[in-house]
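A quick write-up on the structure given underneath.
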Amino acid sequence: MDEMLILGKAIADTRLEGLESWPYPDVTLSREAIFNNAYNHTFELKEPEELKSEQLVLPTLDEIERIRHDAHQEGIVEGRKVGLEQGIEEGKPQGFDIGKQEGIALGETEGLQLGLKRAQTLVDEFHGLMTQLSQPISSLEHDIEQQMLLLVTALAEGVLLESIRVNPENIITLIRRGVEALPYQHQNIILNLHPDDRALVITFFGEDQFSEQHWSIEVDAHLQRGELRIETTHSEVDLTLATRLQAIFQAVLHQQQVPPEPYVEVTSQPPDVSHPPTPEELSDVEAADNLEMADPAETTMEAELADIDAQPVDDAESIHLETRETATEAELLPPANEPDV
């Protein structure tokens, strides 16, 4: 149809040739008939089936209790699940804030302790450096003392070894002093010597004197040339190089530890030549001069020997005597009245 048909105007017959009539359905037909709808689909009307009557069965008490229990358990599980999810969602921010605050506090405490410990270490190192800077002279003096001690020890050992090499007969003087240091000289004496010193000692003293004095010589390869060790039944005198050096240094240290005498001002006047000195005054002056010229080492040796002779010796107890050799090289030489070997 065109616009004219819609407007209800008359249409020419020639324009109605293409139109076909549409048969409307017959409503008088039975329900079993097959109809075609507007979409040309066939359908068949059916009578609704009658509802079958079924007998209603009521649940028992056990079934009701079981149903209630199952529903209760399902409710608990579902409620726990929902509560957990809700608690996590609500507690997560709060727990994060609390954990963050606790972590910050714990980190500050540990960091403070670690920082204090490291700072104390640095402070101790700084104090050590300041102490070293404030006392450099003390450390230097200590090092110098140690080096000087080593130097003096080496020099003293070298002097003694050279003296032994140049004057091997000094072993005779050493034997005399060692025997004199014994508390009882009339006993079986064993002289431990270096092999090179044995022939020299036998030649000087002679075999007869060894037999009369009941002396014997033992060769000790561990001893150096010029060293001596005297043994008896109850005594021993060690005159090795190490012992003699130790005695010298102990004497020096002892002299350093003794406080100096108080200062006394001495005034001297020229002698009165108008009155010559009497013999008594001359003897007093000579005695004073001899006392001043006496060697301290010999005086010390004589005092020690006197103390040793005064001490009683027990036959059941061994006595170890340590001779302190403080004599100079001039004292180590044999006396003038002894023949040179």
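Numbering (numbering that gives the first Met the number 0), first residue to last: 0 to 340.
Note that beta-carbon positions come from the ideal geometry of N, C-alpha and C, so glycine has one too.
Computed from a prediction, not measured in an experiment: that's the story for all the values here.
In the three-state scheme derived from DSSP, where H, G and I count as helix and E and B as strand, Asp219 is classed as coil. DSSP places Val200 inside the alpha helix (DSSP H), whose first and last residues are Pro194 to Phe204.
Under DSSP, Glu64 shares a beta bridge with no residue. Judged by DSSP secondary structure, Arg228 falls within the beta strand (DSSP E) whose first and last residues are Leu227 to Glu230. For Leu173, the uninterrupted alpha helix (DSSP H) run begins and ends at Asn169 to Glu179, by DSSP.
Residues Glu226 of the same chain have their beta carbon placed closer than 6 Å to that of Thr239, with the five preceding and five following residues left out of the count. Beta bridge pairing from DSSP links Trp214 with Ile188.
Burial is judged here by how many other beta carbons sit within 10 angstroms of a residue's own beta carbon; Ile143 has fewer than 16 and is exposed. A distance of 8 Å or more separates the beta carbons of Ala198 and Val236. Here the alpha carbon of Asp207 sits roughly 50 Å from the alpha carbon of Gln145. Annotated three-state conformation of Leu57 is coil, per DSSP.
Ala153 and Thr242 have their C-alpha atoms some 14 Å from each other. Look at Arg224 here: in three-state DSSP terms it is coil, with no helix or strand label. Ser20 carries a coil assignment under DSSP once its states are collapsed to helix, strand and coil. Just so you know, the alpha carbons of Gln254 and Leu149 end up roughly 19 Å apart. Between the beta-carbon of Leu244 and that of Glu156 there is about 6 Å, and that keeps the pair under the 8 Å contact cut. Within its own chain, no residue has a Cβ closer than 8 Å to the Cβ of Arg67 once the five positions on either side in sequence are excluded. Counting C-beta atoms within 10 angstroms of its own C-beta, Leu111 has fewer than 16 neighbours from the protein chains shown and is therefore classed as exposed. Here the alpha carbons of Ile229 and Val178 stand approximately 8 Å from one another. Separation of the CB atoms of Leu190 and Leu222 is rounded to 11 Å, and the pair is thereby denied contact status at 8 Å.
Rounded to the nearest whole angstrom, the C-alpha separation of Val76 and Gly114 is 52 Å. Nearest to Ile247 by alpha-carbon distance, out of Leu159, Arg117, Val122 and Gln100, is Leu159. Collapsing the DSSP output to three states places Pro182 in coil.
Cβ-Cβ distances below 7 Å link Gly205 to nothing in the same chain once the five nearest sequence neighbours on each side are left out. A distance below 7 Å between beta-carbons, with the five flanking residues on each side excluded, links Trp214 to the following residues of its chain, in chain order: Ile188 and Leu190. Straight through space, the alpha carbons of Leu132 and Gln119 are spaced by roughly 20 Å. In this structure Asp195 is exposed. Its beta-carbon is surrounded by fewer than 16 other beta-carbon atoms within 10 angstroms.
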